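The sequence shown begins at 13 in our numbering and counts up one residue at a time. Note that CB positions come from ideal geometry on N, CA and C, so glycine has one too. Since the model is a prediction, treat every value here as computed from it, not as a measurement.
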Amino acid sequence: MTVIVVLRETATESEMSQVLNLADRVGSDVRRHNPSLLSLTGDLARVDQAVAHLPQVRHVAGVSGQYPCASAQSRLGLPSSVRLGGATIGPGGFSVIAGPCSVESRDQLIEVAHAVRDSGAHALRGGAFKPRSSPYAFQGLGRRGLALLAEARRATGLPVVSEVLDVRDLDAMLPAVDMLQVGARNMQNYALLRELGRLRVPVLLKRGLAATVDETLMAAEYILDGGNPDVVLCERGIRTFETGYRFTLDIAAVPVFKERSHLPVIVDPSHAAGETSRVLPLALAAAACGADGIIVETHCDPAAALCDGKQALPTHRLPELVDGVLGVARAAGRVTTDRRDTRERELVLAGTPGGPVAQARTVRR
């Protein structure tokens, strides 16, 4: 079976080497995933006897799945959190990421960005590179879109979330984006996942259209195994036989993800809904079922949107959504702090040179 050994954060390199040497004697396929976690194939009792007595070892456990880094056991069952600008996605709060499906123009993006900030949402989403089913559909503004996202961040102080399609775009994206999104169609693009594992930038990993919970966690494992611990999972709906709506939002997956993994989980109600009228009910369901946040599409003029206008919430309705989901999350015991009360402080931090936003953007190793 797979056995994980969790070291204390204070463990030195020599102490890690000591554990690695002992683990190599009692098991096989020993892998060091990050400075405080290693896994191996072996007998749990033998591994425990060999290393558990060492002061630098915090925990030894058997893992049944194929994702030791993502497993709940790797953190003793404690959930992890991911810093995004001045906000935190994870326990104790409910995060709202909002913005247009795609960046269309400067005026459109700046107007939406200000509406997102004023609503109390915590981050701005916007696509510069768009994966479209048709090669003739609008594909995004590309690098010009990245420049506009960077301008919107300066204007509002909001951290930016944007989708990466190709490893060749990463160098251009890193200065403009605070969280890289992996879309549903790229969930099993393993070359991309491995490259994201080499970064120190948060990653939002969307569940694939036909992916199981375990397949999604194994995709996350590629990123975690590379050394990047900042992964957020996203349930965005799966394809089923139902044709009455765009995708089936698998709300049941949220508590299952949380049972099997320590990673934060957010929900995308927009892509599942396919229609604006359904977005708010699905967002409220996400807050009620234990999600750590939502990512929602909003637009200042949905009828004129170049992409997914039918499911884009008008910006004037965004405060209603933010108030609604925070209210449900608070009633469900999910919110212990009201992040809207600290938004001004977060915006100051986010805009400070060397602050959380600047620290999140790190070049590849």
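Boundaries of the beta strand (DSSP E) in which residue i is found, first to last residue
i: residue 94; result: 94-96
i: residue 99; result: 99-101
i: residue 323; result: Residue 323 -> no beta strand (DSSP E), and no H or E assigned at all.
i: residue 70; result: 69-75
i: residue 191; result: 191-194
i: residue 311; result: 305-311
Residue i classed as buried or exposed, judged by whether at least 16 other C-beta atoms fall within 10 angstroms
i: residue 191; result: buried
i: residue 251; result: exposed
i: residue 50; result: buried
i: residue 356; result: Low per-residue confidence applies at residue 356: pLDDT is 37, beneath 50, and the placement is therefore not dependable, though the value from the model is reported in the following sentence. Classification for residue 356: exposed.
i: residue 129; result: buried
i: residue 233; result: buried
i: residue 153; result: buried
i: residue 88; result: exposed
i: residue 346; result: buried
i: residue 378; result: Residue 378 falls outside the range modelled here, since the chain spans only 13 to 377, and no answer is possible.
i: residue 253; result: exposed
i: residue 230; result: buried
i: residue 86; result: buried
i: residue 112; result: buried
i: residue 26; result: exposed
i: residue 78; result: exposed
i: residue 147; result: exposed
i: residue 33; result: exposed
i: residue 183; result: exposed
i: residue 125; result: buried
Residue i versus residue j - alpha carbon distance
i: residue 119; j: residue 176; result: 23 Å
i: residue 75; j: residue 223; result: 21 Å
i: residue 303; j: residue 127; result: 24 Å
i: residue 24; j: residue 17; result: 15 Å
i: residue 133; j: residue 55; result: 48 Å
i: residue 108; j: residue 37; result: 48 Å
i: residue 325; j: residue 92; result: 30 Å
i: residue 58; j: residue 256; result: 54 Å
i: residue 165; j: residue 335; result: 23 Å
i: residue 282; j: residue 333; result: 12 Å
i: residue 186; j: residue 68; result: 35 Å
i: residue 207; j: residue 306; result: 26 Å
i: residue 270; j: residue 263; result: 12 Å
i: residue 40; j: residue 52; result: 6 Å
i: residue 265; j: residue 296; result: 16 Å
i: residue 219; j: residue 179; result: 19 Å
i: residue 60; j: residue 84; result: 18 Å
i: residue 100; j: residue 171; result: 11 Å
i: residue 138; j: residue 114; result: 5 Å
i: residue 35; j: residue 339; result: 48 Å
i: residue 337; j: residue 204; result: 33 Å
i: residue 13; j: residue 30; result: 22 Å
i: residue 383; j: residue 167; result: Look at the range of the chain in this structure, 13 to 377, and you will see that residue 383 is not part of it.
Extent of the continuous alpha helix (DSSP H) run through residue i
i: residue 291; result: 288-300
i: residue 218; result: No alpha helix (DSSP H) contains residue 218, which is instead part of the beta strand (DSSP E) from 215-218.
i: residue 185; result: 182-185
i: residue 247; result: It is not in any alpha helix (DSSP H) - residue 247 instead sits in the beta strand (DSSP E) that spans 243-247.
i: residue 283; result: 281-285
i: residue 157; result: 155-168
i: residue 137; result: It is not in any alpha helix (DSSP H) - residue 137 instead sits in the beta strand (DSSP E) that spans 135-137.
i: residue 335; result: 330-343
i: residue 26; result: 25-38
i: residue 209; result: 202-209
i: residue 19; result: Run containing residue 19: none in the alpha helix (DSSP H); it sits in the beta strand (DSSP E), 14-19.
Reference residue i; option with closest CA among the options
i: residue 28; options: 169, 145, 43; result: 43
i: residue 242; options: 279, 200, 343, 81; result: 81
i: residue 329; options: 314, 343, 272; result: 314
i: residue 342; options: 269, 300, 321; result: 300
i: residue 279; options: 271, 267, 273, 272; result: 267
i: residue 15; options: 21, 45, 24; result: 45
i: residue 308; options: 248, 273, 340; result: 248
i: residue 198; options: 322, 246, 34; result: 246
i: residue 217; options: 193, 230, 204; result: 193
i: residue 90; options: 135, 71, 258; result: 71
i: residue 202; options: 151, 171, 235; result: 235
i: residue 98; options: 312, 285, 136, 270; result: 136
i: residue 344; options: 323, 320, 298; result: 298
i: residue 276; options: 244, 319, 265, 178; result: 244
i: residue 226; options: 272, 240, 337; result: 272
i: residue 238; options: 138, 47, 32; result: 47
i: residue 321; options: 331, 123, 287; result: 287
CB contact below 8 Å: residue i versus chain D
i: residue 240; result: Absent from the structure is chain D; it holds one protein chain and no more.
Quick check: the stretch 159-168 against the stretch 103-118, are there 3 or more CB pairs under 8 Å?
yes
Specify whether the stretch 59-66 and the stretch 209-223 touch according to this definition: at least 3 beta carbon pairs, one from each stretch, less than 8 Å apart.
no
Do the stretch 92-108 and the stretch 140-152 touch if we need at least three Cβ pairs shorter than 8 Å?
Touching, no, given that fewer than three Cβ pairs across the two stretches are closer than 8 Å.
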